[in-house]
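Under my numbering, think of the first position of the sequence shown as 14, with each following residue one higher.
Here a beta-carbon is modelled for each residue, glycine too, at the ideal position from N, C-alpha and C.
The structure displayed is predicted, hence computed values, not measured ones.
Take a look at the structure set out below.
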Amino acid sequence: MKIDKSASEQQGGFFSFAKESVLAYWEQRDARERRLLSAAFVVVVVAIIYSLLIDPALSGRADLQKKIPQLRQQVAEMAILSQQSAQMNTAMAENIPAITREIVDASLQRWAVKPQTLSVSDDVVRLQLSSIAYSGLMEWLLEMQKSSRLTVDDARVSALPEPGMVSVTLTLRQQRNAS
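Now the structure itself:
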């Protein structure tokens with residue numbers, strides 16, 4: 014039984030050939046050239062290590078040190094803006110009158126919309142519209158959100174055969190407390 018060594022020789026062939034070539038080249042050099050080549054190899058390896066590992070870490074650290082004062086300034090500005098926002102929410106909640114049927118009815122009349130049903134109680138508005146343009150509905154909701162701080166708790170929207178028209182049942186809640 015003969016073992017075929019040609020496959021293993023082919024796999025390691027390139028590396029063994031390269032190793033033999035380097036060793037032959039090394040043996041042909043005298044001691045002074047070997048020292049110079051060794052020193053050049055060490056310099057190249059150190060340069061590669063520095064450029065791939067050390068320099069990116071040092072430059073990244075320097076960049077972060079430069080950005081820290083700016084980032085701290087931004088954090089302080091955000092804290093101030095957050096405080097102002099909380100104060101404005103409190104002020105807005107205090108200045109908004111309680112929602113009434115008359116306010117909702119007047120708003121719908123401005124949009125030329127007649128509700129099928131409308132009830133208002135305890136900051137909750139329940140409303141049913143049989144036919145309204147979807148874009149008009151969205152604009153009316155935005156207006157009510159801005160003027161009376163009404164938000165949608167529940168919405169059931171059904172498309173009508175006419176393009177862009179919907180039938181909708183809404184439950185809206187007035188946000189009076191600062192959140």
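GLN41 and PHE54 have their alpha carbons spaced roughly 17 Å apart. Counting along the chain, the unbroken alpha helix (DSSP H) around ILE61 starts and ends at 44-62.
Annotated as distal: ILE112 and VAL126, with beta-carbon spacing of 8 Å or more. For PRO176, the closest of SER161, TYR147 and GLU152 by C-alpha to C-alpha distance is TYR147. Secondary structure note for LEU183: it is in no alpha helix (DSSP H), and the uninterrupted beta strand (DSSP E) holding it is 178-187.
Using a Cβ distance threshold of 8 Å, SER144 and ILE109 do not count as a contacting pair. About 13 Å separates the Cβ atoms of VAL165 and LEU142, ruling out a contact at the 8 Å cut-off.
For ASP68, the three-state secondary structure derived from DSSP is helix.
Secondary structure note for ALA168: it is in no alpha helix (DSSP H), and the uninterrupted beta strand (DSSP E) holding it is 163-172.
The three-state reading of DSSP puts THR103 in helix, counting H, G and I together.
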